[in-house]
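Novice:
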Amino acid sequence: MKRTGFLAVMGRPNVGKSTLVNRMVGEKVAIVSPKPQTTRGRVLGIRTEGEDQYVFVDTPGIFEGRNPLGEYMVRTARSAVNDCDGAILVADAGFDPGQTERDLMAAFGRAELPAILALNKTDRVRRERLARTIAAYAALHSFAAVVPVCAKSGRGVDELLAECAQLLHEGEWIFDGDMMTDQSARQMAAEIIREKILRTVDREVPHGIAVTIEDYTEEPQLTSIRAEIYCEKQSHKGILVGKNGETLKRIGSYAREDLERLLGTKVYLNLWVRVRENWRERAQDVRGFGYGEG
Ligand SMILES: Nc1nc2c(ncn2[C@@H]2O[C@H](COP(=O)(O)OP(=O)(O)OP(=O)(O)O)[C@@H](O)[C@H]2O)c(=O)[nH]1
Ligand SMILES: [Mg+2]
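Position one of the sequence shown corresponds to residue 0 (numbering that gives the first Met the number 0), numbered consecutively onward.
1. Residues in its own chain within less than 6 Å of Y136 by CB, not counting five upstream and five downstream?
2. Per DSSP, which one or two residues make a beta bridge with K265?
3. Do you know how far the Cα of K120 is from the Cα of S141?
4. Quick check: the region 32-47 against the region 4-19, are there 3 or more CB pairs under 8 Å?
5. Any heavy atom of ligand 1 inside 7 Å of the beta-carbon of K120?
6. Look at D51 and A164 and say whether their C-beta atoms are less than 8 Å apart.
7. Helix or strand or just coil, what does DSSP make of L270?
8. At a threshold of 7 Å, does T37 count as lining ligand 1 (C-beta to nearest heavy atom)?
9. Is it the case that the CB of S17 approaches a heavy atom of ligand 2 more closely than 7 Å?
10. Please identify the residue among D84, H206, Y71, P67 whose C-alpha is closest to the C-alpha of G170.
11. Quick check on the burial criterion: 16 or more other C-beta atoms within 10 angstroms. Buried or exposed for K16?
12. Can you pull the DSSP bridge partners for C230?
13. Are the Cβ atoms of I228 and V272 separated by less than 8 Å?
14. Return helix, strand or coil for F5, following the three-state DSSP convention.
15. Quick one: is the Cβ of D84 within less than 7 Å of any heavy atom of ligand 2?
16. So the candidates are Q186, A226, K236, M178; which of them puts its Cα closest to the Cα of E203?
17. Alpha carbon to alpha carbon, how far is G251 from A105?
18. Hey, is the region 123-139 in contact with the region 25-38, meaning 3+ C-beta pairs nearer than 8 Å?
19. Under the assumption that G290 contacts R39 (Cβ atoms under 8 Å), give the Cβ distance between them as a whole number of angstroms.
20. Residues in the same chain with beta-carbon distance under 8 Å from E276, minus the five sequence neighbours each way, listed in chain order, please.
21. Below 7 Å CB to CB, which residues in the same chain sit around G207 once its five sequence neighbours on both sides are set aside?
22. For P59, does the count of other Cβ atoms within 10 angstroms reach 16, so buried, or fall short, so exposed?
23. Does Q186 have its Cβ less than 8 Å from a Cβ in chain B?
24. In the DSSP assignment, find the alpha helix (DSSP H) that holds Q52 and state where it starts and stops.
25. Taking 7 Å as the line, does the beta carbon of A184 fall inside it for any heavy atom of ligand 4?
26. Looking at L118 and E100, is the spacing between their C-beta atoms short of 8 Å?
27. Report the option in V14, A138, F288 whose CA atom is closest to the CA atom of A150.
28. Could you have a look at P67 and say whether DSSP puts it in helix, strand or coil?
29. How is the beta strand (DSSP E) around E48 delimited, first residue to last?
30. With a cut-off of 8 Å on the beta carbons, I'd call T308 and F288 a contact; round off their distance for me.
31. At the level of alpha carbons, what is the spacing between P12 and D257?
Take a look at the structure:
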């Protein structure tokens, strides 16, 4: 009998939600960076194993959205509670629950949504601290399971998957068994470019980036991609391009490596940097860059 289920992966920014989703899927479907607010929209990671299909819904970290982009991100994250069979609350194993976690636990309670607590980054915490964290959460919410994990190394992920299996229900699969995400190759290309920017440039520049794919041409051995990178200020453009175009070149070659692995072809990547002054402040621009409904 086939089983399936949508599981929302939620938590504050930077706790390792996307890293964990990639681990559970076994492939990189969601971008990851050391900077908070990396994930902007809902990304599905699909794992099909035997009769079971798990659909993990990676969400943006919950924070105080102060502009239309931020509001979109938080709306997207919160709405995941409504359409899922269960939730995985990802939290740092080294800290007691804060307001974000308390709000999420309350939301799970209101929605009567079964939730698993995944305490991540256990590579960084001592056993006593982990025990204290578990106790602090257990006092506040009745989780279906509490699983310490290290998304980075994969430790604990099999145990977490075994708990997720308990939340699936009998029913036809939603996606083909060989699908790992709902994103198109074009969308993944744009995300990979954004990831390399998050990893290459600092401060506020990467948060004001949007990437659009202007041309995407597939030949048997070669994929040619022309992408535009929008930033918010002329000074940001200077940082992105770098001296003699070196920064942009570095971003391009990192992105190309990943894209070639993903697409299984050679990749020709043509990147252009443009300025769209303070686009995150304008709802119309935010929607135009694909951060639309949610
Ligand atoms: N030490 C350690 N670092 C981790 C672990 N899991 C994730 N990280 C790191 O934490 C950072 C954030 O990871 P992401 O997966 O992008 O976090 P996220 O929760 O998806 O973040 P947002 O999308 O911004 O909400 C990255 O630098 C990861 O490499 C872990 O188990 N141990
Ligand atoms: Mg993320």
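A virtual CB, placed ideally from N, CA and C, is assigned to each residue, including glycine. These numbers come from a predicted model, not from an experiment.
Specialist: Based on what the coordinates show:
1. P96, L116
2. L221
3. 22 Å
4. yes
5. yes
6. yes
7. strand
8. yes
9. yes
10. D84
11. buried
12. V274
13. yes
14. strand
15. no
16. K236
17. 43 Å
18. no
19. First, the residue type needs correcting, since residue 290 is Tyr and not Gly in the sequence shown. Contact flag correct, Cβ pair sits at about 6 Å.
20. E231, K232
21. C230, E231, H235, R279
22. buried
23. In the structure shown, chain B cannot be found, because there is only a single protein chain.
24. No alpha helix (DSSP H) contains Q52, which is instead part of the beta strand (DSSP E) from 51-57.
25. Of the ligands one can find in the structure shown, namely ligand 1 and ligand 2, none is ligand 4.
26. no
27. V14
28. helix
29. 42-48
30. The structure shown does not extend to residue 308, since the chain is modelled only from 0 to 293, so the question has no answer here.
31. 24 Å
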